[in-house]
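Novice: Okay, handing you the structure first.
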Amino acid sequence: MIFDSMNEWLSKAGYFSLTLLIVTIYGLFVGALIERIIAKVQGRIGIPYSQPFINILKNFFKRTAISHGIMFYLGPVFRIAGGIGTLAFIPVIYGNEMFSNFSTAGDLFLVIYFMFFGQLGMALGAGESGHPYSAIGIARGLSQMTAYEVPFALAVISIVIQYDTLSLTEIVAAQQGGWQNWTVITNWVATLAAMLALLGMTGYSPFDIFLAPQEIPIGPPTEFHSAYLSLLQTNRALFGATKLILFMNLFFGGATGWGELMIKTFLIYMVAIIVGVAFPRFRVDQAIRFFFKIPTLIGVMSIIYAQMLLTA
Amino acid sequence: MKLPFGRTTSSPISTGHSASLDFAQPEPVDLASGKYVKLWQGPQHPGITGNMSLELTLDGDTIIDCKTHVGYLHRGFEKLMERRSFIQNFTVVCRIAVPEPTFNEYLYSHAVEEISGIEIPERATWLRTMNLEMMRLASFLMWIGGQGGAFGQYTVANWTLAYRDYVLDLFEEMTGARIYHMYIVPGGVRAGLPDGFEGRAREIMDGAEKLLDQIERVMFNNTVFKARSKGLAIIPPEMIDPYGIVGPNARACGVKRDLRKDEPYLAYDQLDFDIVTGTDSDAYERAYLRLQETRQCISLIRQCLDRMPMDGAFQADMPNVLHWKVPAGETYVKAECTRGEYGYYMVTDGSELVRRVHVRGPSYTHAIAVMERLAVGNNIADIAGMMVSLHTYPPEIER
Amino acid sequence: MKNSLNTDDTLENSGLTEEEQLLFSNARPRAYEPYPIKAVEDFANWARANSLWILAFGTGCGAIELRPLMTARFDANRFGVAGRPTPRQSSVFIIGGYASVKTLKRIIRSYEQMQGPKFVICLGICPINGGMYFDSYNTINQFDQYIPVDLYATGCMPRPEALVASIMALQKKIKAGECDGANRYVENFDWYKANQKKVIKNWDMPDYNW
Amino acid sequence: MNDLMERLQRDFGVDDITVRKPALTTFRVKKDSAETLIRELRDREGYTHLNFMTCIDYIEDGIFTLVYMLHNYDKKLSLGVHVDISRENEDMVSIHTLWAQAWTYQRELREMYGINFPGSPRLEEDFCLEGWDDIPPMRREFDTKEFSEQRFGHREGRHSEEPRDHMKVELYPNRGGDEK
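The following block contains the structure:
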């Protein structure tokens, strides 16, 4: 047991709840902001900033009269457990005891494990719903996940080699002391591979193949409604923000305050959006082929690059 | 690739003119085996153009059988027209094809005029030509947006649909209505142009041209769009005649047929344009061909504005419509709409009511026979794009 | 029947075969009970009014004016309106004008799959009294005989401005708690079902499918 | 065109040849030779495009007239082939082997008129109507207004005028709607 006492654990848990709340609200807000930016490109005004919150409330107040079995109910729960679990082991604000969560207790691999735990749980739940589009959506989502995993995992391995640690806190600590120490400068190859993987992770065009309203409306969440959907929406905001925080920690030097965190994550998100508004959607085989080609190659190169950094 | 129905995916259709079409009934698929999935795409599906549905049988992601189901919009127009007088019919016909009502109005009026021998004034000819071309422009703008949207490029869809609205504004100015104009009446048109229309129309045409240039950059030069649409749903030239494929779908494989040029109607013989043709006959080629035709529309509207007589009668002297009897006769009139040959077949028997009207829409063959053929062997992801690429409107199939 | 939810008052599901009967529930629909505290119910209504998700089902020609409504010119997203491709998640059903008998069957299915509270807007004259197709053998004349309607937007076609106005009116109605179409459907369920079955002759689906 | 018509008259015994307009000629042919004639026109004469096929109900004569509209893209000519069949003995030779879209038309005619096309694929499937339990709706004896009133009902307050009577009242109010 790494905690000295129950008290410390409790205070940790309290702080984590606060972090969770802030990150979720920030995720919902940034979601609305991104929607408005996309709308601007399309010549529209877009949704009000409060819209994601109202949507979640409305869905929560909606009635449910469907039963698809126990796994169907558990799907969104697994999903949000994955989201919370991911956040729990990421130091949100570096050097701040309050907002570094349980990062001392877990390492990078645990975080990555939690990232996929949610997806798999969701897959089970959506599969239980029995809708054929859900099944196709899951098949697409999981195969795309497998594909973007490869460059991302290679990039992470490269970073692990570079910093010789699995602890996220230590990785962030190694990047402190000015922008020239950030991974994006010191190991730009790995960053490039990971940013390409991020395009797939965020699920905007051209990699929104698992939702794809024109093809399989709307993939895994087809049957989810009312409170389940509001759980999924909450998780979407939370998980989206968490992924960005993870990327920020790994490649962009972490954050020492909430302001820095918001600016950095927003800018990382913008990369996916700029690609997203301009491109149509890939077909699933094309998406997989895309990830297995150049991003994977860059990922392999990043490992070699990290080795060179060590030996140099 | 060998498919369980004895069909092959890549081999071109084996139908020459002398050979008969292969209509071997496919072997029934054992759905209980769990290997195949039967999937209904539509009518409640965002990827379906209008209100129709496809019954797909899937083997993994690959479609091994496709059946089109139509009739969700069947209103029995042909029956309704048999019990309405000639002037009452003119308000009904425009509702047959929602996105392009003008072609129905024109063809109905033209058929009536042809049977009863009414000559329309020259100004009405020009106004009709311009109205049809504006309709074509609006329809193509919506189509480009639809093709972008079908592949997930919502930016283009938003741009073109918003711009289509400006063209609808022009319609509103010219005819008083956005969607159902009821502008072209038997004997001419309902009104001339309002003051200052020409300037505003030219302004909107300039804007449309700029928009099309942008769309060419964003959509047609886009790698992903190319990856999705190139090689998708290729219509081989041997399929054109046996399947009755017309319009841009046929022109995209090099068939130089355009009713506006081949059998000029209205003022098209005085307008300066060329038939646009393509070579590859895939979804990309068809889309690009339609983009060029949209540009052509803009040029034609400008030419109409240049050459149109600005005053004079816009309606021929008509008999009292309450007593209007059309002599017995039979005719088939057709016009080139955005999807190809649109036709009205009319039989009259000298009474106040029409005996029989048959409306021939190009989607009749594109959405059913052609779609069912092309879908087989494709990925389910491409169905929406393929369907939009064939440019089908269900209301003109079932009427 | 084992698939009824502990009630004796079940539906017949006579349109189904023996095996299919086991696949569908035959319980009756239940009315929506408002929250006992009025403030909570008002708050819920406010949230519902400001987040109207429209089912993406273009049932007739009215669908053509929904595209300008949702895209850049009129941008209904500003009012919390969004399109939703699945009936499970949508709360507003916009009936685009006339409904042919074949479409009516799909409308009923989609409507019953939507989760309450749900609202119906009818576009055009055709759903009110048949409009231009009053004498057609394939289009129904009075839509509210089959599905309860909350709001009509007349015209042929209603312009996008009229659609925006009707969305605003619907929001006002929801906030006032007067949109009880779904409850009327439940309360007069047998009447609606009888009307539906009078028109749809090949009834091969459950009476109320969840 | 005249040569072709003479040849068709000689070989197939077509009659009732009418030039409707320069680009459209219609003629009538017996039911038995219709399919051969259409095949001949498609393969030999270049009438490769089937614009549509439809049916006209002449209830007073007790016949259905089937119309096959063929088009020649090279000569830019259309031929309307009329085939009379009895309203009672509603059988017609199927041309689904000639054009891919023909079976759709035949399915529609089957549903709308009740004409049978033996051998045509998917003929029994519903096309537009679903669960139709009356006589085929496009037949002349089917009264769509009556059917609609009886099945769908009308809302109270709907008010419709016979346009002629209405206009008479509007135009000649002083004479009580009397035109003279």
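Protein chains in written order, with the numbering used here: chain A, 150 to 461; chain B, 141 to 539; chain C, 117 to 326; chain D, 1227 to 1406. Idealized CB from N, CA, C, for every residue including glycine. All of these numbers come straight from a predicted model, not from anything done at the bench.
Comparing C-alpha positions only, which one of C:ILE180, C:ASN166 and C:ALA165 sits nearest to ALA172 of chain C?
Specialist: Minimum Cα distance to ALA172 of chain C is reached at C:ILE180.
Novice: Between the stretch 1367-1395 of chain D and chain C, which residues of the former have a C-beta closer than 7 Å to a C-beta of the latter?
Specialist: Cβ contacts with chain C: THR1370, LYS1371, PHE1373, SER1374, ARG1377, PHE1378, GLY1379, HIS1380, ARG1381 and ARG1384.
Novice: Exposed or buried, what is PHE230 of chain B when buried is set at 16 or more other beta-carbons lying within 10 Å of its beta-carbon?
Specialist: It counts as buried.
Novice: Leaving aside the five residues before and after SER151 of chain B along the sequence, list all residues of the same chain whose C-beta is less than 7 Å from its C-beta, in chain order.
Specialist: Caution applies to SER151 of chain B, whose pLDDT of 33 falls short of 50 and renders its modelled position unreliable; the value that the coordinates give is listed next. Cβ within range, chain order: n/a, list empty.
Novice: Got a sec: which bits of the stretch 176-196 of chain B sit with their beta carbon under 8 Å from any beta carbon on chain C, in order along the chain?
Specialist: Flagged, chain order: PRO183, GLN184, HIS185, PRO186, GLY190 and ASN191.
Novice: Classify TRP169 of chain C: buried if its beta carbon has 16 or more other beta carbons within 10 angstroms, exposed otherwise.
Specialist: That one is buried.
Novice: If ALA1260 of chain D sits next to VAL1293 of chain D, beta carbons under 8 Å apart, how far is it from one beta carbon to the other, in whole angstroms?
Specialist: That pair is no contact at about 11 Å.
Novice: Could you give the DSSP three-state label for GLN311 of chain A: helix, strand or coil?
Specialist: Note: GLN311 of chain A maps to helix in three-state DSSP.
Novice: Check the C-beta distance from VAL416 of chain B over to GLN436 of chain B and give it rounded, since I have them as a contact under 8 Å.
Specialist: Their Cβ separation, rounded to whole angstroms, is 7 Å, which keeps VAL416 of chain B and GLN436 of chain B in contact under 8 Å.
Novice: Would the stretch 1318-1328 of chain D count as touching the stretch 174-183 of chain B if we require 3 or more Cβ pairs under 8 Å?
Specialist: The answer is no - the stretch 174-183 of chain B does not touch the stretch 1318-1328 of chain D, with fewer than three Cβ pairs under 8 Å.
Novice: Could you spell out where the alpha helix (DSSP H) holding LEU179 of chain B opens and where it closes?
Specialist: Counting along the chain, LEU179 of chain B falls outside any alpha helix (DSSP H), though it belongs to the beta strand (DSSP E) covering 177-181.
Novice: Can you list, in chain order, the residues of its chain with a C-beta nearer than 8 Å to that of MET511 of chain B? Leave out the 5 residues immediately preceding and following it.
Specialist: Excluding residues within five positions, the ones whose Cβ falls inside 8 Å are LEU194, CYS206, THR208, MET526, MET527, LEU530 and THR532.
Novice: Could you tell me which uninterrupted alpha helix (DSSP H) segments, each at least 4 residues in length, are contained entirely in the stretch 183-240 of chain C, listed from first to last along the chain?
Specialist: Taking only runs of at least 4 residues, the alpha helix (DSSP H) segments lying wholly in the stretch 183-240 of chain C are 217-229.
Novice: Can you tell which of A:LEU381, A:PHE265, A:PHE227 and A:PHE401 has its C-alpha closest to the C-alpha of THR414 of chain A?
Specialist: Out of A:LEU381, A:PHE265, A:PHE227 and A:PHE401, A:PHE401 has the C-alpha closest to the C-alpha of THR414 of chain A.
Novice: Residues bridged to TYR472 of chain B by DSSP?
Specialist: DSSP lists B:TYR485 as partners of TYR472 of chain B.
Novice: Does LYS234 of chain C pass the burial test, meaning 16 or more other C-beta atoms within 10 Å, or should it be called exposed?
Specialist: With 16 or more other Cβ atoms within 10 Å, it is buried.
Novice: In chain B, what lies closer than 7 Å to MET1364 of chain D by C-beta?
Specialist: Correct list: GLU218 and LYS219.
Novice: Taking its Cβ as the centre, do 16 or more other Cβ atoms sit within 10 Å of ASP1283 of chain D, making it buried, or is it exposed?
Specialist: Classification of ASP1283 of chain D: buried, given that the 10 Å Cβ count is 16 or more.
Novice: Does DSSP classify GLU128 of chain C as helix, strand or coil?
Specialist: Coil, per DSSP.
Novice: Give a yes or no on whether 7 Å exceeds the smallest Cβ distance from TRP1358 of chain D to chain B.
Specialist: So no, TRP1358 of chain D is outside the interface.
Novice: I think GLY196 of chain C touches GLN200 of chain A, with their Cβ atoms under 8 Å apart; what is that distance to the nearest whole Å?
Specialist: GLY196 of chain C to GLN200 of chain A, Cβ: 6 Å. Contact.
Novice: Measure from the C-beta of ALA172 of chain C to each C-beta in chain B and report whether the shortest distance is under 7 Å.
Specialist: ALA172 of chain C counts as touching chain B.
Novice: Specify, as a first and last residue, the run of the beta strand (DSSP E) that CYS1281 of chain D falls within.
Specialist: First-last of the beta strand (DSSP E) with CYS1281 of chain D: 1275-1284.
Novice: Quick one: give me the first and last residue of the beta strand (DSSP E) that TYR268 of chain C is part of.
Specialist: It spans 267-269 - the beta strand (DSSP E) in which TYR268 of chain C sits, taken as one unbroken run.
Novice: I believe PRO184 of chain C touches ASP305 of chain B by the beta-carbon criterion, under 8 Å. Please report the beta-carbon distance rounded to the nearest angstrom.
Specialist: PRO184 of chain C to ASP305 of chain B, Cβ: 5 Å. Contact.
Novice: Span of the alpha helix (DSSP H) holding VAL1240 of chain D?
Specialist: Where VAL1240 of chain D is concerned, there is no enclosing alpha helix (DSSP H), given that its DSSP letter is neither H nor E.
Novice: Does any CB atom of chain C fall closer than 7 Å to the CB of SER150 of chain B?
Specialist: Low confidence applies to SER150 of chain B: its pLDDT is 35, below 50, so where it sits in the model is not reliable enough to give any reading.
Novice: Does HIS531 of chain B get closer than 7 Å to chain D when you measure Cβ to Cβ?
Specialist: So no, HIS531 of chain B is outside the interface.
Novice: Output the distance between the C-alpha atoms of VAL233 of chain B and ARG539 of chain B, rounded to the nearest integer angstrom.
Specialist: If I take the Cα positions, the gap works out to 10 Å.
Novice: So, for THR270 of chain C: in the same chain, excluding its five sequence neighbours on each side, which residues have a beta-carbon less than 6 Å away from its beta-carbon?
Specialist: Closer than 6 Å at Cβ, skipping near neighbours: ILE241.
Novice: Kindly list, in the order they appear in chain C, the residues whose Cβ is closer than 7 Å to that of ASN298 of chain B.
Specialist: Chain C residues near ASN298 of chain B: THR187 and ALA188.
Novice: Would you list, in sequence order, the uninterrupted alpha helix (DSSP H) runs of no fewer than 4 residues that lie entirely inside the stretch 1320-1389 of chain D?
Specialist: Within the stretch 1320-1389 of chain D, the complete alpha helix (DSSP H) runs of at least 4 residues are 1328-1339 and 1370-1377.
Novice: Round the Cβ separation of VAL172 of chain A and LEU236 of chain A to the nearest angstrom and send it over; I've been treating them as touching at under 8 Å.
Specialist: Indeed, because the Cβ distance is near 6 Å, the residues count as touching under 8 Å.
Novice: Taking only runs of the alpha helix (DSSP H) that begin and end inside the stretch 234-309 of chain B, which ones reach a length of at least 4 residues, in chain order?
Specialist: Counting whole runs of 4 or more residues, the stretch 234-309 of chain B contains the alpha helix (DSSP H) stretches 241-256 and 262-290.
Novice: Is the beta carbon of SER283 of chain A closer than 7 Å to that of THR213 of chain A?
Specialist: Not in contact: THR213 of chain A and SER283 of chain A (Cβ atoms no closer than 7 Å).
Novice: State the start and end residues of the unbroken beta strand (DSSP E) segment that holds ASN1298 of chain D.
Specialist: Taken as a continuous stretch (DSSP letters only), the beta strand (DSSP E) holding ASN1298 of chain D covers 1289-1298.
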